[in-house]
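What follows is a single structure, written as structure tokens, with notes after it.
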């Protein structure tokens, strides 16, 4: 579990660093939210795909505001 969490956090940080110059908040929020949602979905048993969809959708909505 600790390895999955560490790998997921690294993925979130990498996505954030890659999108640092992106001016589209919804894109940035969706990708970062999707990465975080996949980690949470895996840890809670929901599933990585479902977690990524929920997190990505929420991140895109928040990032668009």
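In mature numbering (1 follows the signal peptide of the UniProt record, and there is no 0), the protein residues as written are -20 to -1, 1 to 45. Each residue gets a CB set at the ideal place from its N, CA and C atoms; glycine is no exception.
Have a look at residue 28 and residue 41 and give me their C-alpha separation to the nearest angstrom. 20 Å
Under the three-state reduction of DSSP, which class applies to residue 25: helix, strand or coil? coil
For residue 45, which three-state DSSP category applies? coil
Is residue 43 near residue 17, with beta carbons less than 9 Å apart? no
Spatial neighbours of residue 24 within its chain, please: CB distance less than 8 Å, with the 5 preceding and 5 following residues excluded, ordered by chain position. 31
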